[in-house]
Amino acid sequence: MYWVYKKHEMHLMQTVLRNQSPAAYEYREWKQPDCDAETIHNPQSYLAGYQRDLAVIERLKRMIFDDCQTFIRKETIVALST
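Under this note's numbering, the first residue of the sequence shown is numbered 174, with each subsequent residue one higher.
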């Protein structure tokens, strides 16, 4: 059973992360790899990069929420606050 998990670990991780935060998943997929090409195939480094990307997205949401409330729609404010 363990070898089946290890064989599909990267795909399983990507599926879970895509369901958790589609924006962070898309950012991670479009972003250039952090170092050499081997990190693309390493699930641990993929997860670490995803967590960094998620933190960046959260900071951007907070900045937009704090600085742009006067000229964005109420629906956008509600979406950014969640």
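Positions of the beta carbon are idealized from the N, C-alpha and C atoms, including for glycine.
(1) Smallest Cα separation from Asn215: which of Tyr198, Arg232, Lys179?
(2) What number of angstroms, rounded off, separates the C-alpha of Tyr219 from the C-alpha of Leu253?
(3) Whether or not the region 244–251 and the region 221–233 are in contact is what I'm after, with contact meaning three or more pairs of Cβ atoms, one per stretch, closer than 8 Å; do they touch?
(4) Could you pull out every residue in the same chain whose Cβ sits closer than 6 Å to the Cβ of Asp288, ignoring the five residues on either side in sequence?
(5) Check Ile250 in the structure and name its three-state DSSP category.
(6) Which first and last residues belong to the alpha helix (DSSP H) in which Phe238 is found?
(7) Can you tell me whether DSSP reads Thr188 as helix, strand or coil?
In short:
(1) Minimum Cα distance to Asn215 is reached at Lys179.
(2) Cα to Cα, Tyr219 sits roughly 26 Å from Leu253.
(3) Remark: fewer than three beta-carbon pairs, one from each stretch, lie closer than 8 Å, so the region 221–233 and the region 244–251 are not flagged as touching.
(4) The chain is shown from 174 up to 255; residue 288 falls before or after that span and cannot be answered.
(5) Ile250 sits in a helix when the DSSP states are folded into three classes.
(6) Element bounds for Phe238: 216–240.
(7) When DSSP states are grouped into helix, strand and coil, Thr188 belongs to the helix group.
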